[in-house]
């Protein structure tokens, strides 16, 4: 249902006043799961670079144990980066006063379940 002109003006005024409030903007940014995932991704990239430096240093100094340790550090940081990227793409949203989707935490839906879910959530005009 579209908003009336009066509601649209009120909505724009509220949006403008919230955009001008730096305290509100920092609070929203701090609670955004994508912000935290991006920060974890940057940490993971820096740890990967440190692991690569350990591999190179272990190779140059002919200390294979140090090179293996660097590789393990790189592998762990890469796994952490992939998890952070996955969290950034699909943040867990909390529904207020509504129902959540059928996806249960820790359980992935099958292809058929996802297609059924999309079918149920399509816009009303396409039926």
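Residue numbers (this note's numbering): 440 to 566.
The beta-carbon is built from N, C-alpha and C at its ideal position, and this holds for glycine as well.
Because the structure is a prediction, the values reported are computed rather than measured.
Task: Residue span of the alpha helix (DSSP H) that contains residue 556, given as start and end - done: 550-559
Task: Distance between residue 523 and residue 558 (C-alpha atoms, nearest Å) - done: 29 Å
Open item on the list: Taking the straight line between their C-alpha atoms, what separation do you get for residue 555 and residue 521?
Closed with: Rounded to whole angstroms, the separation of the alpha carbons of residue 521 and residue 555 is 28 Å.
Open item on the list: Can you give me the C-alpha to C-alpha distance between residue 475 and residue 497, rounded to a whole angstrom?
Closed with: C-alpha separation (whole angstroms): 33 Å.
Open item on the list: Just to confirm, is the Cβ distance from residue 516 to residue 483 under 8 Å?
Closed with: yes
- [ ] Please say whether residue 457 and residue 450 have beta carbons closer to each other than 8 Å?
- [x] no
Task: Rounded Cβ spacing between residue 493 and residue 505 (contact assumed at less than 8 Å) - done: 6 Å
Task: Segment limits, alpha helix (DSSP H) that includes residue 456 - done: 444-458
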